[in-house]
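> Numbering (my numbering), first residue to last: 135 to 388.
Built from N, CA and C at the ideal position, the CB exists for glycine as well.
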Amino acid sequence: MDYVEPKIARDMPGMRLALTAGAPGPWSESAKGIFHVKKIDYVPVLQVGGGQNEDLVAWTGTRNAPVAVYNDEPPKEAWMDILMLAERIAPEPRLVPDDAAERAMMFGLSHEICGEDGYAWNLRLIMFHDVVKAGGMNENFKTMADSYGYTEQTAQAAPEKTAKIVRLLATQLHEQKTRNSRYFVGSQLSALDIYWACFCAMIRPMPQEKCPMSDQLRYLYNNRDAAVDAAIDPVLIDHRDYIYETYLELPMDF
Ligand SMILES: N[C@@H](CCC(=O)N[C@@H](CS)C(=O)NCC(=O)O)C(=O)O
Numbered sequence: 135m136d137y138v139e140p141k142i143a144r145d146m147p148g149m150r151l152a153l154t155a156g157a158p159g160p161w162s163e164s165a166k167g168i169f170h171v172k173k174i175d176y177v178p179v180l181q182v183g184g185g186q187n188e189d190l191v192a193w194t195g196t197r198n199a200p201v202a203v204y205n206d207e208p209p210k211e212a213w214m215d216i217l218m219l220a221e222r223i224a225p226e227p228r229l230v231p232d233d234a235a236e237r238a239m240m241f242g243l244s245h246e247i248c249g250e251d252g253y254a255w256n257l258r259l260i261m262f263h264d265v266v267k268a269g270g271m272n273e274n275f276k277t278m279a280d281s282y283g284y285t286e287q288t289a290q291a292a293p294e295k296t297a298k299i300v301r302l303l304a305t306q307l308h309e310q311k312t313r314n315s316r317y318f319v320g321s322q323l324s325a326l327d328i329y330w331a332c333f334c335a336m337i338r339p340m341p342q343e344k345c346p347m348s349d350q351l352r353y354l355y356n357n358r359d360a361a362v363d364a365a366i367d368p369v370l371i372d373h374r375d376y377i378y379e380t381y382l383e384l385p386m387d388f
């Protein structure tokens with residue numbers, strides 16, 4: 135991926151998308167996936183994981199990624215705002231269901247995956263805890279641990295919270311199978327399928343040829359917690375593969 139520096143990108147027109155470089159950050163990957171499915175062209179902008187990212191902050195007010203900036207509109211950094219922006223500028227294919235009950239289910243489950251104190255938030259606490267135990271806390275990790283609510287207590291509660299959400303997602307996919315649907319809600323692709331495909335990397339990254347990453351990063355992403363492991367159902371991994379192979383870009387490029 136050829137990243138443009140924020141200082142340069144801020145004066146460009148169109149869609150600019152700040153992304154964490156060098157890691158399959160799931161919020162960043164899912165924003166890329168949504169833009170890919172909707173064929174929204176964008177300029178990828180460099181965000182350094184855990185870095186101060188002064189120029190990005192000066193431009194967008196946000197230090198982390200993703201941040202989407204469309205022309206001279208206010209920057210969007212929350213996963214739901216990025217999705218709604220994409221839905222507005224490229225309505226087809228729609229990734230937010232038209233049916234109200236499906237839409238409520240889609241946003242509810244997406245929040246469990248992407249939202250504060252959800253699946254990925256808690257997996258990240260487990261990861262920080264492992265880094266602390268291994269004596270690997272450096273400045274960038276500390277910036278992130280401080281940004282995302284890490285304490286000994288939150289880390290201890292994290293595996294059970296994560297496992298409950300993983301089980302909920304697997305149950306939903308099994309129920310959809312009984313309705314002959316390949317998707318999390320209704321009978322069509324929604325943003326939720328993309329979120330899951332991308333966020334699944336935090337327990338089971340795609341194999342190296344599809345998701346090239348360093349051994350250290352792969353170790354950190356691959357789940358090592360027994361309670362979470364026990365909740366992982368093959369239906370979740372199959373769904374990840376189906377969505378990547380049918381709709382997203384492989385090999386991943388970050
Ligand atoms: N703003 C996003 C979440 C963004 C987020 O958590 N980004 C993390 C992904 S791991 C990040 O940028 N980490 C690297 C950093 O903090 O520098 C949302 O809640 O929708």
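Determine contact between the segment 159 to 179 and the segment 312 to 331, defined as no fewer than three beta-carbon pairs at a distance below 8 Å.
Taking 8 Å as the limit for Cβ pairs, the verdict is that the segment 312 to 331 does touch the segment 159 to 179.
> Quick check: the segment 336 to 345 against the segment 355 to 371, are there 3 or more CB pairs under 8 Å?
Touching, yes.
> For K166, count neighbouring Cβ atoms within 10 angstroms of its own Cβ and tell me buried if that reaches 16, exposed if not.
Sequence index remark: in the sequence shown, residue 166 carries index 32 (1-based). Answer is buried; the Cβ neighbour count reaches 16.
> Tell me whether E188 is buried or exposed, calling it buried when 16 or more other Cβ atoms sit within 10 Å of its Cβ.
Within the sequence shown, the letter at position 54 stands for residue 188. With fewer than 16 Cβ atoms within 10 Å of its Cβ, E188 is classed as exposed.
> If we define contact as Cβ-Cβ less than 8 Å, is G184 a contact residue for chain D?
The structure shown has no chain D; it contains just one protein chain.
> Measuring alpha carbon to alpha carbon, tell me which residue in T296, P368 and K344 is nearest A361.
Translated into the one-based positions of the sequence shown, residue 361 becomes position 227. For the residues T296, P368 and K344, the minimum Cα distance to A361 belongs to T296.
> Measure the beta-carbon distance from F333 to P160 and round it to whole angstroms, keeping in mind my assumption that it falls under 8 Å.
Counted from its first residue, the sequence shown places residue 333 at position 199. Counted from its first residue, the sequence shown places residue 160 at position 26. Between P160 and F333 the Cβ distance is about 4 Å, and since that is below 8 Å, they are a contact.
> Please specify which runs of the alpha helix (DSSP H), each continuous and at least 4 residues long, are wholly inside the segment 142 to 186, giving them in chain order.
Segments of the alpha helix (DSSP H) lying fully in the segment 142 to 186: 160 to 171.
> In angstroms, rounded to a whole number, what distance separates the CA positions of I247 and R144?
As a working mapping, residue 247 is identified with position 113 in the sequence shown. As a working mapping, residue 144 is identified with position 10 in the sequence shown. If you take the alpha carbons of I247 and R144, they lie about 30 Å apart.
> What residue range is occupied by the uninterrupted beta strand (DSSP E) comprising Y204?
Position 70 of the sequence shown holds residue 204. Run containing Y204: V201 to Y204, per the beta strand (DSSP E) assignment.
> Thinking C-beta only, is G184 closer than 8 Å to M278?
In the sequence shown, the residue the question calls residue 278 occupies position 144. In the sequence shown, the residue the question calls residue 184 occupies position 50. Contact flag set, yes.
> If you run the structure through DSSP and keep just helix, strand and coil, what is K210?
Position 76 of the sequence shown, counting from 1, holds the residue named residue 210. Three-state DSSP puts K210 in a strand.
> Any contact of the segment 280 to 294 with the segment 376 to 387, i.e. 3+ C-beta pairs under 8 Å?
No, because fewer than three Cβ pairs between the segment 280 to 294 and the segment 376 to 387 fall closer than 8 Å, the two stretches do not touch.
> If you reduce the DSSP assignment to three classes, tell me which class V138 lands in.
As a working mapping, residue 138 is identified with position 4 in the sequence shown. Looking at V138 - three-state DSSP - the assignment turns out to be strand.
> What alpha helix (DSSP H) runs, 4 residues minimum, are completely inside the segment 243 to 281?
List check, alpha helix (DSSP H) in window: 253 to 267 and 273 to 281.
> Work out the CA separation of M135 and D387 for me, nearest whole Å.
Translated into the one-based positions of the sequence shown, residue 387 becomes position 253. Translated into the one-based positions of the sequence shown, residue 135 becomes position 1. Computed Cα separation, rounded: 6 Å.
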